[in-house]
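A short worksheet on the structure shown next.
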Amino acid sequence: MLKTFSGFVLLTASMTIMAQTPTFDNDAKTFRLDGGDVSYVFGVNPRGELQQLYWGGRLAATDHFPQAAPMPEWASFDTSYTNTPQEYAGWGNGLYNEPSLKITFADGNRDLVLHYESHKVTERGFDIVLKDIKTAIFVTLHYSIDPDSGILARSAIIENKESQPVTIEQAAAAAWAVPPGHYTMNYLTGRWAGEWTLTQEPIHPGARIIESCRGSTGHQANPWFAIQSGDPDENHGEVWFGALAWSGSWRITVEQDQLDSVRITGGFNPFDFGYVLKPGESLETPVFYGGYAAHGLGEASRILHHFEIAHVLPHRIGEGDTAAPKPRPVIYNSWEATEMNVTEAGQEALAEKVAALGIDRFVMDDGWFGQRKTDHAGLGDWYVNTEKFPHGLKPLIDKVHSLGMDFGLWVEPEMVNPDSDLYRKHPDWVLNFPGRPRTEQRNQLVLNLARPDVRAYVYGFLDKLLTENDIAFLKWDYNRNWSEPGWDQLPPAEQKKVYVEFTRNLYSILAELKTKHPKVELESCSGGGGRVDLGILQYADEVWPSDNTDPFDRLTQQDGFTYVYTPQVMMAWVTDSPHWLNKRTTSLEYRMLSSMQGSLGIGANIAKWSDEEAATAKRLIAAYHQVQPTIVQGNLYRLISPRNGSEFSATQTVNRDKSQSVVFLFIHSTQEGRIFPRLKLQGLDPAAQYALTPIEDKPSPTTPTTASGAWWMNRGLDMSEDFRGDYQAAAFRLDRK
Ligand code: GLA
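0 is the number of the first residue of the sequence shown in numbering that gives the first Met the number 0; add one for each residue after it.
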């Protein structure tokens, strides 16, 4: 599971010291990791506990820490053990904060105290072995640091070398600590069609939990946190952030402890959790990534984006630090046009229309298989519906290819409708408690992917589908959360390991499919953004952020999304107006520009488009293709946030060599005649000359068309008085001369 970092040191402008290899100071018993502008230091204290010492801006190579000294007790109520910020604390010995590991032994003992045992230096970090003071429970902590971004990857393997089974009741991937201070916590919340709300609140004493206990990542919260010193700020202040690479139930606890320091612990959600480890068995946690930025939330997200592009996403092309995924093809998706009424003739007619726009990939959505006419039937029966496609998928795929596009298909492999051949044959294959109701959501049940036979079925039909058809892309959907999560094939004590095995099997199917069909690309969709995390993004080339494609709502959603995830993976479709959700009417230009801030797609019923609309889309798709790498893989600056009812919003991206920049500006509704504020750009080369060209040219700026980077960043971009009204948008590119 643990990602190792390839590639070597890329010095950022402010860095003067070369990256260290991981260093262990044998006298002081300290471990030190340096990468990017970050240092991370921890050590073994005299009691043998692994204690965090420092996480922040890069220290000089000559700086040394003395041996870790445990925090003192606070009267007789808070022990030194609980006050000391441990890297991975067992629940025992009077620990009152969130434990990293909690175990029940066969004899009923529940005390676990982990002490340092040994360590190994690895290429980019350490493997550190802890052991319980009395029993043969071993924990190996993996640490590695990315030399470019300073992002740490941490995870744990828990091993039972006792002669009896033990039950793990709680297992974190890692615990982080930030010194006492005044902090704001940033996290993402939402709901179906309303994902990606950036929620910001002061950190107070006590614990704040963000989590999913739904079996998958969830729309309601995302496994990411950012702790900012002081008040939230895009460009100033220290930020410590982290993201958990796990697509099952998860929990991140942020607590300001009894002595005011802040600890963040995250991993498997302990709610309803239980993992029996027989003698000799082990459990590996997900990876918890953590990073530090000295200059606000904007820098924190830029660091994370580059890390995702360089180290997390699949299909990277190139070597080392230059490796990057291909910008996403511009897709057309049939869902909003035809919903489940897909037919060979209907899809071919759509394909002909969209090919003329410059679309790269045609994706047929739900409805092509089994007896799928509505969402009441067919899920699980992954054979082509011959009423709709009498000759199979081949004629449509051939047609799409002949039009110069590749072909993608929708699947929802982990689900079954009770009205399906699969369920009639295997009613025992779903998550359920025997004799209890099986709660349906969207008329469907969840297949228990943890079962080997279910895993084999799911892998088998997908492999066949990809072998028999020339499919470039799967939109992998997942349209409900778990209920009644029983696994009655196993003894009662072992059933709760479904929370781990389900997700592991999902990952292993994706990995195996990618190996066998290396060209196939994947999108993670879960009724929109219900399964977006750094775990699934090891396999998914892109994600569907929301079923809500309203271009104005998307501005705020995209703003929230980019605090964690790169625009490279942020699919954004242009759909019809008035929008089905908000009934809002917007121009095609506004919709296009809203979507062009991410990975562009078209999802409208273009059979109804006028020639003028088709020409507009074609022009803007061509303009997008020219600047797409800068938009999706450049440095992103959120210049004016659309949050909190803002009248205006703007984003800017700059490519890595600063030769190109793209700016998007949006007006919600001008009030009292205000014109768009002067927009001071960021991230350009101050000494270079940049020419400004409109991508969407209606509202012209009043600034010169060529000026220095210093001008654009200090004087800024002035829009003309014409740039007013409701739902207005403009976009420009700047090219270094
Ligand atoms: C989910 C997805 C949609 C569409 C439908 C199909 O809701 O988010 O984009 O694929 O399923 O049923």
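Glycine included, every Cβ here is placed at the ideal spot set by N, Cα and C.
Ordered along the chain, which non-local residues of its own chain (more than five positions away) have a Cβ less than 6 Å from that of residue i?
i      : result
ILE156 : THR139, SER281, GLU283
SER658 : ARG735
THR196 : THR188, GLY189, GLY559
GLU158 : PHE137, SER281
ASN44  : GLN50, ALA67, PRO69
TYR95  : THR81
Look up residue i in the DSSP assignment and say whether it is helix, strand or coil.
i      : result
TRP710 : helix
HIS667 : strand
GLY295 : helix
LYS119 : strand
SER5   : Residue placement at SER5 cannot be trusted, given a pLDDT of 36 that sits under 50; what the coordinates show is reported in the next sentence. If DSSP states are grouped into helix, strand and coil, SER5 belongs with coil.
ARG327 : coil
PHE722 : coil
TYR361 : Checking the sequence, you will find Phe at residue 361 rather than Tyr. PHE361: strand per DSSP, three-state reduction.
TYR422 : helix
LYS513 : helix
PRO566 : helix
VAL631 : helix
LEU465 : helix
TYR288 : strand
PRO394 : helix
LYS495 : helix
ARG677 : coil
GLU343 : helix
ASP734 : strand
ILE601 : strand
PHE270 : coil
LEU587 : helix
SER482 : coil
If the criterion is Cβ atoms closer than 8 Å, does the pair residue i and residue j meet it?
i      : j      : result
ALA728 : PHE665 : yes
SER248 : SER211 : yes
ALA606 : LYS352 : yes
ASP405 : ALA471 : yes
GLY91  : ASP110 : yes
SER215 : TYR477 : yes
MET595 : ILE639 : no
SER333 : GLY377 : no
HIS141 : ASP126 : yes
THR669 : GLY715 : no
GLY485 : LEU430 : yes
GLU338 : THR574 : no
LEU243 : PRO285 : yes
PRO324 : GLN85  : no
TRP737 : MET570 : Because the chain spans 0 through 736 in this model, residue 737 falls outside it and cannot be assessed.
VAL329 : ILE150 : no
GLN557 : GLU194 : no
GLY290 : GLU254 : no
SER246 : ARG441 : no
LYS474 : GLU511 : no
THR615 : LEU635 : no
Tell me residue i's beta-bridge partners as DSSP assigns them.
i      : result
HIS543 : The sequence given here places Trp at residue 543; His does not occur at that position. According to DSSP, which records beta bridges pairwise, TRP543 is partnered with nothing at all.
GLU254 : ARG262
ASN159 : ILE136
ARG31  : THR22, VAL40
THR705 : ALA690
ILE144 : LEU151
HIS114 : LYS130
ILE209 : ILE251
ARG315 : PRO324
Between which residues of its own chain and residue i is the CB-CB distance below 8 Å, once the five residues before and five after are set aside?
i      : result
PRO231 : THR183, ASN185, GLN199, LEU296
LEU395 : GLU343, GLN346, GLU347, ALA350, MET363, PHE388, PHE406
TRP367 : VAL341, VAL383, ASN384, LYS387, PHE388, LEU392, LEU408, TRP409
ALA686 : SER707, GLY708, ALA709
LEU276 : ILE157, GLU158, ASN159, PRO164, VAL165, THR166, ILE167, LEU282
Can you tell me whether residue i sits near ligand 2, meaning its C-beta is under 7 Å from at least one heavy atom of the ligand?
i      : result
CYS524 : The ligand content of the structure shown is limited to ligand 1, which means ligand 2 is not among them.
If I measure Cβ to Cβ from residue i and keep anything under 7 Å in the same chain, skipping five residues before and after, which residues do I get?
i      : result
ASP259 : PRO179
HIS305 : SER148
Quick test of the definition: if touching needs 3 or more C-beta pairs under 8 Å, does the stretch 284-304 touch the stretch 230-244? Proximity of the stretch 284-304 to the stretch 230-244 meets the contact definition, three or more beta-carbon pairs being nearer than 8 Å.
Indicate whether the contact test is met: 3 or more Cβ pairs, each with one atom in the stretch 489-502 and one in the stretch 414-426, closer than 8 Å. Output reads no: the stretch 414-426 does not touch the stretch 489-502.
Between the stretch 160-176 and the stretch 254-271, are three or more C-beta pairs nearer than 8 Å? Yes, since at least three Cβ pairs between the stretch 160-176 and the stretch 254-271 fall closer than 8 Å, the two stretches touch.
Three or more C-beta pairs under 8 Å: does that hold for the stretch 667-677 against the stretch 644-657? Per the Cβ contact rule, the stretch 667-677 is in contact with the stretch 644-657 (3 or more Cβ pairs under 8 Å).
Is it true that the stretch 508-519 meets the stretch 543-555, where meeting means three or more beta-carbon pairs spaced less than 8 Å apart? The answer is no - the stretch 543-555 does not touch the stretch 508-519, with fewer than three Cβ pairs under 8 Å.
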